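Residue numbers -29 to -1, 1 to 198, in mature numbering (1 follows the signal peptide of the UniProt record, and there is no 0), belong to the letters of the sequence shown in order.
Here is the structure we will look at, set down as structure tokens.
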Amino acid sequence: MPSRKKTAMFASAFLTCVCSFVIICVVLATQHWMSSDVHFSGTNSSVTVSLTYGLFSGTCGQFVNAGLMVSEKTFQVSVNLSNTKAKSTITAIIVILVLSLLTSLLSSGFTCTNAVSNPYQTFLGPTGVYTWNSLSGIFILIAMILFPVNIEENDLSTELARGCFSALQTHVKSEHTYGYSYWIMLLIIFLNITSIIIIYFYEHARYSKKKEQERPIENAPKDVILF
């Protein structure tokens, strides 16, 4: 059976891993990654399309002359995108987040196992926790980089606006605001780092205690040597 200290440390790391897993599920499930106002100019009027969307679906509304709403609808991201590059990038982000979800689940399993037992295999111990948490954090970071790239380089919001309303004419400009579904991914990275730090402190304390026990006799107190 593991010591109380080990159980407490790995149980704390298990809690952070579970929180990370839950937040990744929230990131995938919610559709508040991006809010955009996409402006178009027409012959007799200007049109603004307001969008709020995530990786799978969203809502869009059409405003004429900066005020009057003409129509509002929901849409599927994959259906509205005609740009193959933009669609491929969205798919890649989803796959990366699923991989992060799996590594977070594995990290939760490893920390739980170490909280209640002493695994014989080295990789099932702290090494495995370091590995899975690091991979989860790296996947999240890649997703956070790819999404803005898709917005700026592939004109994702403009493509989605045209998919909602096909009669739109000349694109003038776009204004973007990243939503909470995007920003809470920073919390996932923080939780991954926290898990690694907790296990590192446990490993460091165990190593220091082991070195203390292996201290040579010449470093022992003189009264112990005389005895």
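Ideal Cβ placement from N, Cα and C applies to all residues, glycine included.
From a predicted model like this one, the values you see are computed outputs, not experimental measurements.
Per-residue DSSP class, three states only, for Phe34 = strand
Considering only residues of the region 137 to 177, which uninterrupted alpha helix (DSSP H) runs meet the minimum length of 4 residues and lie entirely inside it, listed in chain order?
-> 151 to 154
Between Leu131, Tyr173 and Lys(-25), which lies nearest to Asn51 when the distance is taken from Cα to Cα?
-> Leu131
From Ser145, His10 and Ile170, residue whose alpha carbon lies closest to that of Thr98 | Ile170
Distance, Leu70 Cα to Ile116 Cα | 16 angstroms
At least three beta-carbon pairs within less than 8 angstroms, the region -24 to -14 to the region 161 to 175 | yes
Tell me where the alpha helix (DSSP H) around Leu117 begins and ends.
-> Pro97 to Glu124
Going by DSSP, what residues sit across from Leu22 in a beta bridge?
-> Ser7 and Cys31
Pick from Arg133, Gly25 and Cys(-13): whose alpha carbon is nearest that of Gln2?
-> Gly25
From Glu123 to Ser6, what does the alpha carbon distance come to, in whole angstroms?
-> 14 angstroms
Can the beta-carbon of Val143 be found less than 8 angstroms from the beta-carbon of Ser12?
-> yes
What do you get for Ala114, buried or exposed, if any count of 16 or more other CB atoms within 10 angstroms of its CB means buried?
-> buried
Return helix, strand or coil for Ser79, following the three-state DSSP convention.
-> helix
Can you grab the Cα-Cα spacing for the pair Leu(-15) / Ala63, in whole Å?
-> 28 angstroms
Ala(-17) and Thr82 look like a contact to me (Cβ under 8 angstroms); what is the Cβ gap, rounded to whole Å?
-> 4 angstroms
What residues are listed by DSSP as bridge partners for Gln47?
-> Ser28
Proximity to residue 206 [Cα-Cα], best of Asp8, Ser79 and Ser137 = Because the chain in this structure spans residues -29 to 198, residue 206 falls outside the shown range and cannot be described.
Rank Lys(-25), Cys(-11) and Cys31 by C-alpha distance to the C-alpha of Thr129 and give the top, closest one.
-> Cys31
Based on the DSSP secondary-structure assignment, which residues constitute the bridge partners of Ser12?
-> Ser17 and Thr141
By how many angstroms is the C-alpha of Thr148 removed from the C-alpha of Val(-12)?
-> 29 angstroms
Nearest neighbour of Ser107, chosen from Tyr153, His175, Phe(-9) and Thr93 [CA to CA] = Phe(-9)
Apply the 10 Å Cβ neighbour rule to Phe94 and answer buried if 16 or more other Cβ atoms are within range, or exposed otherwise.
-> exposed
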